[in-house]
Structure formats: structure tokens, C-alpha cells
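Reading through the C-alpha cells given below for one structure.
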Amino acid sequence: MRQKKIGIIGAGPAGAFCAWRLAKAGFEVLLFDHKAPWDKPCAGGIDSIALREFPELAAIKELAKPNERVKIITATNETFYFDLSAPIYVLPRKILGEFQLNQAISAGVRFLNQKVIGFLPKNRGFEILLKNQASVDVDFLIGADGVSSMARRRFCPAWKKSDYLFTFSLLVAEGTSLPLTYKFFPGLFGYAWIFPGKNSFSLGIGCRNFQMSSRKLLSLWEKFVDSEPELQKYKPLSKSQGVKSYLIPALSFSGLKNQKVVGENWALIGDASGSAQSVSGGGIRYGLESAKLLAESILASEPELYQKRWWEMCQKELAGPSLWGPIFYHPGTQKILSHLLKRTSSAKKLVVDLLSGKRLKPRQIIFAFAKMFKEALL
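Going by our numbering, the sequence shown opens with residue -1, and the numbers climb by one from there.
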């Protein structure tokens, strides 16, 4: 396996990180992306767990804004402020992309700023076809090409329409004094947000795909902007610059369990593999983890082990939210949670733990709610 040429389609967080790990180990790695580095209006949020588990990214702390306080607006329109147990670092995705791409190139990765239009089996590997009519032969193909992955569509069954979150977001190119903010709505499987970076901030909303029309979702976003006086001056930007729409992976438990992420000389990582949290929509940490697991499996000359290790990651990180997410976003739960936040310290701790990225098992969530109700009755 050490002599193989590896082609990675997609230079996002997962693709660039995997390329860097493999190139450092001595592999010949080709990284394809015609857009990278790019910006995404949803910005990039990196929690303390990601920085602890991926010390290679420690330098981005200097490029990001550490958000240590969060504002929660509940579905019943009550506002709460919390100090996070550890900061969430927010920076534009383009800056993160530049950092990771430079890191990969410095390790020996060959970056091809070319659009991949397809690939064909060839000599037990693949021939990657480029838009400029050139082609490149590789022995192992890694699909890191995002939520609409060409590689996944080739190798795997289509996802269900409900296996996505649909979002609208706007990247404002100036700083803000507003805190990290989450706004919930009655009956909405999702939330609106403000994610402040150093010199920009992201303003958006998302929900389970096809839960409501895009027009209604955009209307909720506009109401949220109207409710915050400091945001109203940015509303014209939604027309002049355009609010961007994006899909985010949000696989159900069965979707995660049945997702194939590795086959004969191919694998999927990042959003292409469904490595995202279905309640928050967060994906950077899980994308990096999937890239790390695949790189380690390839380095051990056993890429097929990646399937088992990826599912173990899902059980640890993603399966729980896929089960308790519908309960969390249920209108009744949202109403109760708003009530409990006013009366119990346990509710506040649960929210802080969830937003800080702490790993919580389903039984811990259940125990937390039981403790909340007990405190509320005292």
C-alpha cells in the first residue's frame, strides 16, 4: 500500500487533512479541487475537543474569534445568556481552507486546481477525468467532495430527502459585538444563528430538509433579523449579495448504520460520508475524524478497517443525536426546556455542555432531563 498513488477529490477540511496525513507518511497524494480555498456563509466553528484531538490546527486560534458566551432565544421567545465551559472558535471557511491547503502542500501534496468531471475504473484503480480533458491515474480514490458527492453517488445508494438539513446563510464581511446566538422556533427542526468571527460573521437559518418551503424558512430568517436591532442594517445585503442556500448531511440512525464508506480502492470522508451531527449541523470535527481514521487505516495497509472504525465514531458521536434530535426539537420539549432554563441549573448545564461540544450519550441526556424535572418540582 505504501507505494500507491492516492487521489483525493475535494480540498475541504476532511480532504486537505487526509492529504496532509498521507503525504507526511510518504504517499504520493494528488488533491483535486477547482474552487479551493472557498468561503461558506455558514462559517467554520471549531470547538475545544477538535483542537485537543487535532493539535495540528492549533495555529488557527490566532485567526479565529474565541466565543466564550452564548445567547439562546427559545421557541417561546425567552432569552438566556450562558458562559461556555470552553470557547468555540469561529473563522471564515476560506481562511481555514487556505491554512489547511498550505499545510498539505508543504507536506508534499500535489494540488491540482482542476474540476473533476468523473472517473473510470482502470487497472484496479481509477482514471480521474478533468474538465480540461486531461486525466490522471490513481491507485486509490478518496471522495471528500461534500454533501452532493459525485463519488458517493457512484458507489452508494442515494440518501433520503430527509437525510439533509437545508440552510440559508449570509456572510457579513465585518466584525460584530453580538454574541454567538441560537434562535429556536416552535415546531422547527433547526434554528437560526449568529456565528461571530474576528472580522466577519455568519447569519443564517436551517431546518430538516423539506420540513417547510424555502420561502417560509427565509421568512423566519427575516423575522429573526428584524428582531435584533443590530442586524437590521444587514438585511439589504440579503438582496444585494444574496443569501446562499446549502445542504448539510443529517443522516438518521439507520442511514448512518447502512452508509458504506469504503470499498475496493475507494473511500468517502467528511460530508461525502455523512460525517455530520444531525442536531447542530456541525461537521468540521467529525469530518476531520473521518479523515484521520481513513488515513490510519491506509497507513496500516488495511483500508477496509475504515468501515468498522467509522461506525465506531458514529456510535460515539453521531448516532445519539440522530435518535434524540426529534425529541429535542419537538414543540413540547422546546416549551418545557424554556421553562426549565428559568428554574433549574441542570437545564443550563445541559445546554452549555451541548453547545460546548461535550460528548453526551443518550442515557446522559435522559438522566439530565430527569434531574431537571426533579429540580423543577422542588
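No residue lacks a Cβ here, since even glycine has one placed at the ideal position from N, Cα and C.
Extent of the continuous beta strand (DSSP E) run through residue i
i	result
M66	Sequence inspection shows Glu at residue 66; the Met mentioned does not correspond to that position. E66 -> beta strand (DSSP E) spans 63 to 71.
P184	Segment: none, P184 is in no beta strand (DSSP E) and carries neither H nor E.
P120	As written in the sequence, residue 120 is Lys, which differs from the Pro given in the question. First-last of the beta strand (DSSP E) with K120: 114 to 120.
G5	3 to 7
E125	123 to 128
R108	108 to 110
L176	It is not in any beta strand (DSSP E) - L176 carries neither H nor E in the DSSP assignment.
S147	Per DSSP, S147 belongs to no beta strand (DSSP E) and is neither H nor E.
G141	138 to 141
L168	162 to 170
Element boundaries [alpha helix (DSSP H), containing residue i]
i	result
G323	317 to 326
R91	91 to 104
W264	Careful: W264 lies outside any alpha helix (DSSP H), inside the beta strand (DSSP E) at 264 to 266.
F25	From DSSP, F25 is part of no alpha helix (DSSP H); its letter is neither H nor E.
F251	251 to 256
L335	329 to 341
I47	46 to 51
Residue i, buried or exposed, once every other Cβ within 10 Å from all chains shown has been counted against 16
i	result
Q98	buried
A317	buried
G116	exposed
N207	buried
K314	exposed
T77	exposed
L118	exposed
Q257	buried
K181	buried
N65	buried
D224	exposed
A48	buried
L321	exposed
I364	exposed
Y79	exposed
A21	buried
D81	exposed
P155	exposed
S147	buried
G240	exposed
A298	exposed
K290	buried
S344	buried
R91	buried
P39	buried
P227	exposed
S104	exposed
S250	buried
Nearest neighbour of residue i, chosen from the options [CA to CA]
i	options	result
G281	A41, L28, G24	A41
K62	K290, S212, P194, L29	Here residue 62 is Ala; the residue named in the question, Lys, does not match the sequence. Checking every option, the nearest Cα to that of A62 belongs to P194.
R283	F52, K346, L168	F52
L245	D269, E226, C312, E228	D269
D143	S271, S276, V241	S271
Q101	R19, R67, L168	R19
L254	S243, G261, S273, A265	S273
A12	S288, E300, F80	S288
G106	E125, L29, E172, P85	L29
R150	G24, P360, P247	P247
A57	K372, K38, T72, I93	I93
A132	L139, V114, M148	V114
F199	F187, P184, E172	E172
E294	F25, G10, A9	F25
Y87	N263, G123, G95, K59	K59
G10	A21, K3, K2, D37	D37
N197	Y189, L218, T174	T174
G285	K306, N263, M311, A298	M311
V136	K129, K120, N130	K120
R67	I192, S343, P227, K221	I192
L186	L89, E125, G323, W308	G323
F367	N111, S217, L338	L338
T342	E373, L348, V350	E373
L139	A84, V349, K3, R50	K3
P329	N130, S160, G95, P184	P184
Nearest-angstrom Cβ-Cβ length linking residue i and residue j, presumed shorter than 8 Å
i	j	result
I7	G141	6 Å
K69	L178	7 Å
V170	L215	Contact flag wrong, Cβ pair sits at about 19 Å.
F326	V260	Actually they are not in contact, since the Cβ atoms of F326 and V260 sit about 31 Å apart, beyond 8 Å.
E123	L163	Checking the displayed sequence, the identity of residue 123 turns out to be Gly instead of Glu. With a Cβ gap of about 34 Å, G123 and L163 do not count as contacting.
F153	W264	6 Å
L335	T72	7 Å
Residue i Cβ short of 7 Å to the ligand MN heavy atom set
i	result
M210	Inclusion of the ligand MN in the displayed structure is not the case, the ligand content being empty and no account of it being possible.
Beta carbon proximity, residue i to chain D, threshold 8 Å
i	result
I192	The chain labelled as chain D is not found in the depicted structure, where only one protein chain is given.
Can you check the region 188 to 249 for any alpha helix (DSSP H) of at least 4 residues that lies completely inside it and give the ranges in chain order?
-> 212 to 225
Runs of alpha helix (DSSP H) lying entirely within the region 271 to 302, each at least 4 residues, in chain order = Counting only runs of 4+ residues, the alpha helix (DSSP H) found wholly inside the region 271 to 302 occupies 282 to 297, in chain order.
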